[in-house]
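Worksheet for the structure shown next.
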Amino acid sequence: MNPFSSGTRLRDMIRVIRACKTAAEERAVVRKECASIRAAISENDQDYRHRNLAKLMFIHMLGYPTHFGQMECLKLIASPGFPEKRIGYLGLMLLLDERQEVLMLVTNSIKQDLNHTNQYIVGLALCALGNICSAEMARDLAPEVERLLQFRDPNIRKKAALCSIRIIKKVPDLAENFINPAASLLKEKHHGVLLTGVQLCTDMCNVSSEAHEHFKKKCIDGLVKVLKDLTNSPYAPEYDISGISDPFLHIRLLKLLRVLGQGDADASDIMNDILAQVATKTESNKNAGNAILYQCVVTIMSIEDNGGLRVLAVNILGRFLSSRDNNIRYVALNMLMKAIALDSQAVQRHRVTILECVKDSDASIRKRALELIYLLVNENNVKSLTKELIDYLEVTDPDFKEDLTAKICSIVEKFSPEKLWYIDQMLKVLSEAGNCVKDDVWHALIVVITNAPNLHGYTVRSLYKAVQTAGDQETLVRVAVWCIGEYGELLVSNTGVLDVEDPITVTEADALDVVETAIGNPSSDLTTRAMCLVASLKLSSHFPSCSKRVSDIVRHHKGSLVLELQQRAIEFNSIIEKHGKIRSTLVERMPVLDEATFSGRRAGSMPPSVSTSQGALPKIPNGVAKPTSAPLVDLLDFSSDDIPVPGGSGGDFLQDLLGVDISPSISQVTSGTQKSGTDVLLDLLSIGTPPAQNPSTLDILLPSQDIKSPVDVLTKLASPSPSAQTSTPVGSSSMLDLLDDFGTTLSLPETNGPTYPAIIAFESSSLKVTFNFSKEPGNPQTTLIEARFTNKSPNVYSNFVFQAAVPKFLQLHLDPASSNTLPANSNDSITQKLRVSNSQHGKKSLVMRLRINYKVNDKDVLEEGQINNFPRDL
Amino acid sequence: MGIRFVVMVNKQGQTHLAQYYEYLNLDERRALEAEIVRKFTDCGLAPWIWLMVGGLAVNNAFFWMCSFVEHRNNKVVYRRYASLFFLVGVDNEENELGILEFIHLLVETMDRHFGNVCELDIMFHLEKAQEMVMSGCVVETSKANILSPIQLMEKAL
C-alpha cells in the first residue's frame, strides 16, 4: 500500500531525470511523463493515482507547470485511506496555493478530517490548513482549530497552534477568540506545544492590540518563570543542543518578551532580572549559545531600560565582533547599527574593530561594516577614518571598490573640515578609483575647486602629478584636464605654492602633453575628449608658444567621426584662425559657480531634473547621447558645451537678442565675464522666471543648449513640456514677448493657453473633434476641455448632440454646446466646454468615451469612439 | 512569518526539495532559486574543510564565509552538507544564528530517521520534512518528538 513501494516508477522517473545531461533532455523526459499522467487522469485511474501525484510533485519542484493535477489532489483527500490522504494533502500543499479557486472545494474535506477520529488524519489536515489556508477557509474552520487547541495529544495541539497563527494572520478579527486558549498554552510543559504557543502569542500581539494588552497583564510573570526554569534546567537530552537546553524555545520566549516589553516600563522592569541572567549565564562558545545571546541583545535593545542592561548588551556585541566566526560578526554588525541610535558613544568604542571588519575577506561582513562606519563618522574622527578607508581602497577587490568609493566620497563631502583636506582626499580617491566615481561627485569637486582661488595653483599641480601616475582613471583625467585648461598658467608659473608642496617644474609643453595624451588615449570617452578640446583651446590662449601644437590637435579632430568632436574642432579651428582678436576674451576663465546653489540643486532637484531632461534629450539634433546627469555638466559648461561661436544665422539671432535690453541684475551664473551666447541664453531664460523656480527651468533648458539656433531653444520652451509650462507661466509669456520681435516665422502654439497640446479626440471621414485643455489655477485635479467640432462633409449636420462618459475616478460636467447645427465644410463652428475632475490625479490619466448623434439629410447618424491619447498628468 | 522558504539544492544547482510558505508563482520560484544558486557559485566556495558529524560529511562552518546572504528583502541562511545546500529564506526579524542551528537540527533528524541520509533519501521522502516547519514557523525541536509520529505513520502503512 505504500505509494512509494507499490511500484518503482517514481524512483525510475527520478533516476531518469537525474541522468539527463542537458536541460532539453530533462524537458523531454518531463513532457513524456506529464503526458502519461494526463492520460491516467483522464482514464480516472484509481490504482496509480497517488503515485502519479507523487511524480507530479517532483515535476513541480523542478519548476514545470502541473495545474492539471490539482483535481487529483482533491480526489485523494476525499478518499478514505490514510496513505491516499497523506499524498493528497502533500500535493495540496505543494501544487496549490491560497489563490486558487479549487481550494474552496477542499474546505469541506478538511472540515471532516479535522473532526476525524484518527489523530494522524487530523494532523494532516491541520498541517495542510496551516500552510495554505485562505481568508474564507480561516473563517469557516476557525472553530474547529480553536477546539483542537485543547486536544489531548500534544502533537495536535502544537499543530493547531501554528494553524491558528495562519488564521489570525489571514483574518485578524478572529484573534480575540484565540486569546484564552493561547494563554493556556503558555502553561504547557511539553516543549513543542510551548514553542508553538509562544509563537502564537507573539503573532497575536502583532495583529491585535487587545491580545497585546491581555498578555502584558496576565502572562509576563509566567513567561519569566518559564524562561528562568529553562535557563536553570538540568540536562535534558531530548532538547539538548550542544549543551544548551532548547535554544529555539529560548529564542522564542525572548522574542515574545521583546514584543511585550516594548514601550512599557513596568513590563520591562519585571523581565530585567531574567534578561541579565540569560545575558551573563549563557555560554558563548557554541553557535546555539550565541543565538540566544543575540536574541537577548535584541530584546534588551528594544525594551524600556534602565541603562545597565544596555551596557551589558553592547559589551556582548563587542565580544561578538572579536569572534572568529563570521556569522557572529555579521549579526553583531547588524545589531550595532540599530544600537547606534540608542547609544552612539558605546558603539564608538568599537570603532577600531569595526574598521577591521571593513577589510574582511567576506563580502557580507564588509558591506555591513562599511555601512556601520558610515554612520559612525563625525567631525572628530573623520580624518582618521577617511585615511584608513582610503588606504584600504588601494588593496580592496575591484567589486567592493564602487561601494567603498561612494561611501568615502559621501563622508568626505559631508564632514570635510577644510577645502584643502577635501581636495586632497578627493584627489586620492580619484587616483585610486577614479573609474568608480559617480559623475556628480567630480562635478562637485570642480565646484569646490573653482571656489577656492588660493588653492587653484596647488590643485592643478597635484592633479598634474597624480595624472602622471594614474592616467588610466578617467574621472581623474577629466578633472585634471579641466583644471589644466583653466589654471594652466598657475601650473607653469608655480604661483601660490603652499608649504606642504614639493616644488615641481612644468613647462608649457608638459602641460599640453597631458591634454594631448588624454585626447589620444583610445579608452577616453566622448566627454573626456570634448573636455580635452576645450582645454587645448584655452591653453592656446594662455601659452602662445604652444598654439601651433594646439591647432594641430584641433585640426586633427576636424575629421572626427563623432559629430560632437568634429563640430567643436571645426569651430575652435575657426576661432584660432580667423578670430584671434576675440579669442582671449572667449576663453577666459570660467565664472565661479555658487556652491550653495549647486549643492541645493544637487540635493533637491536632481531626480526631477533627470526626468525632465530625458524628455528633452531626444530632440537634440546632433544625436549625441548625453549622460542623464547632463544638467550638472551643462551648468559647469565644460563637457559638452563648447564656447559658442557667433557665426551663421544662430549667431545673428544671438546678436539680436543681445540687442534686446536685458536687465542686468538677472543671474549670478553670468558675472559678466563672458559674453558668450550660452550665457545670454541663460540670462534670457531666467528673465521673468520666479526666482524660486529658477533651478527647474534651467534644468529643462540646459540640455538643449547644444542646439545652435536659439530660436529652437525658445520654441522648445514654449512647446509642450508640461513642467516648464506649468511652473513658469510668467516666464513663458515674457519669452513670447521677446519672440514677437522675431516676426511671425516662428510657429508657436496657441498663445492663450499653451499648457497642454491640443489633441484630436476623434476623427472619422466626416467629422473631427479636437480638444483644447486648460487648468484652473490652484486646482490641478480639474481640467477644462474645450471641444471643437469640424464638419468635413459637404452636408449640414443638424440635431448635433455630443455625449461623453468617463470611468468612476473621474467626474464630468458638460456645458451646453454653442449650437446644435454644424454647417457644411465648417471648421470649429461648434464649441462645447467640458470640465473633468480627476480624483486620481497624478496616478491615472484621463480616459473618455464619446458618442455623437446628428442628422444628415434626415438620416440619423451615430458615431462613437474612445479617447486614450489625453496628455499625461491631466 | 519567520521562515519564507526551505530549499535544498545540490551542487549542480538542481532543486531537490522546495517548500514555500508564502505565495510565489512558478516563474518567480525558478528565478529565485537560480539567482540564489548563482550567488553561491559566484562566491568561489573552495577549499572546503570536511568534518564528519553523525555519519555525514559536513562542512561544518564556513570559517571564511558568512552564512548569510542578503537577497532582495530576504535573508538567506545557508549551510552546506556534502553536495547539498540547505537554503532557508527568512525575513529580517528572524534570528539568523537560530536558523543556522535549525538547519543542523533538520539534517540531524533526517540522518537519524534514514540511518545515513543521502540526496536520494531526501528526494524520495520529502513529505517527512513537513513535521518540522509549518506555516513558516518551527513546529518541533526535539528529534524524538519529530520522529515518533513519523515512525508511527510508517507502521500504519
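The listed protein sequences derive, respectively, from chains A and B. For the first sequence, counting from 1, position 28 maps to 28 in my numbering; every step adds exactly one. For the second sequence, counting from 1, position 76 maps to 76 in my numbering; every step adds exactly one. For every residue, glycine included, the Cβ atom is placed at its ideal position computed from N, Cα and C. Here the structure is a predicted model, which is why all the values come from computation and not from measurement.
Taking the beta carbon of A:Asn-290 as reference, the chain B residues within 7 Å of it are Leu-97, listed in sequence order. Interface flag for A:Ile-241 against chain B is set, since a Cβ pair is found closer than 9 Å. According to the DSSP assignment, B:Leu-84 belongs to the beta strand (DSSP E) that extends over 84 to 90.
Contact check for A:Asn-791 and A:Asn-820: beta-carbon distance about 13 Å, past the 8 Å limit, so the pair fails to qualify. Rounded to the nearest angstrom, the Cβ distance from A:Leu-430 to A:Ile-408 is 11 Å, too far for a contact under 8 Å. The Cβ atoms of B:Arg-29 and B:Ala-18 lie closer than 9 Å to each other. Cβ atoms of A:Leu-95 and A:Gly-69 come within 8 Å of each other, at about 6 Å. If you check the CB distance, A:Ile-165 and A:Ser-208 do not come in under 9 Å. Here A:Lys-768 is near A:Ile-760, since their CB atoms are less than 9 Å apart. Beyond the five residues adjoining it in sequence on each side, A:Thr-475 comes within less than 6 Å, by CB distance, of Leu-430, Gly-434, Val-437 and Trp-442 in the same chain, given in chain order. For B:Arg-80, the number of other beta carbons within 10 angstroms of its own is at least 16, and it is reported as buried. Assigned with DSSP and collapsed to three states, A:Ile-241 falls in strand. Cβ-Cβ separation between B:Asn-95 and A:Ile-251: approximately 5 Å, consistent with a contact (criterion under 8 Å). Assignment of A:Ala-787 by DSSP, reduced to helix, strand and coil, places it in the strand class. The stretch 243 to 257 of chain A makes contact with the stretch 296 to 303 of chain A: 3 or more CB pairs, one atom from each, lie closer than 8 Å. When the beta-carbon positions are compared, A:Arg-835 and A:Ala-804 stay at least 9 Å from each other. When the Cα atoms are used, A:Ala-480 and A:Ile-504 turn out to be separated by approximately 16 Å.
Of all alpha-carbon atoms in A:Thr-517, A:Pro-591, A:Ile-328 and A:His-557, the one lying nearest the alpha-carbon of A:Ile-446 is that of A:Pro-591. Among the residues of chain A, none has a CB under 7 Å from the CB of B:Leu-84; the nearest is roughly 14 Å distant. Using a CB distance cut-off of 9 Å, B:Glu-101 counts as an interface residue toward chain A.
With a threshold of 9 Å between beta carbons, B:Arg-29 makes contact with chain A. For A:Asn-232, the uninterrupted alpha helix (DSSP H) run begins and ends at 220 to 232, by DSSP. Ranked by how close their Cα comes to the Cα of A:Tyr-854, the residues A:Leu-822, A:Gln-840, A:Leu-375 and A:Asn-869 have A:Leu-822 in first place. The Cβ neighbour count for A:Tyr-422, taken over all protein chains shown within 10 Å, is at least 16; the residue is labelled buried.
DSSP lists A:Ile-785 as the beta-bridge partner residues of A:Phe-773. Between B:Glu-35 and chain A, the shortest Cβ-Cβ separation is not below 9 Å. A:Asp-203 sits buried, since 16 or more C-beta atoms from the chains shown fall within 10 Å of its C-beta. Contact note: A:Met-13 does not reach chain B at a C-beta cutoff of 7 Å; the least C-beta distance is about 11 Å. The shortest CA-to-CA distance from A:Gly-488 to any of A:Thr-22, A:Ala-569, A:Val-448 and A:Ser-536 is the one to A:Ser-536.
DSSP places A:Asp-440 in no beta strand (DSSP E) but in the uninterrupted alpha helix (DSSP H) bounded by 439 to 450.
Looking at the DSSP output, A:Gln-199 shares a beta bridge with no other residue. Nearest neighbour of A:Ile-59 by Cα position, chosen from A:Ala-78, A:Asp-47, A:Asp-399 and A:Ile-37, turns out to be A:Ile-37. In the same chain as A:Arg-461, and ignoring 5 residues on each side of it, the C-beta atoms closer than 7 Å to its own belong to Leu-491, Glu-501 and Ile-504, in chain order. For A:Phe-68, no Cβ of chain B is located within less than 9 Å of the residue's own Cβ. In the three-state reduction of the DSSP assignment, A:Val-806 falls in the coil class, being assigned neither a helical nor a strand state. Under the 10 Å beta carbon count, A:Val-395 is surrounded by fewer than 16 other beta carbons and is classified as exposed.
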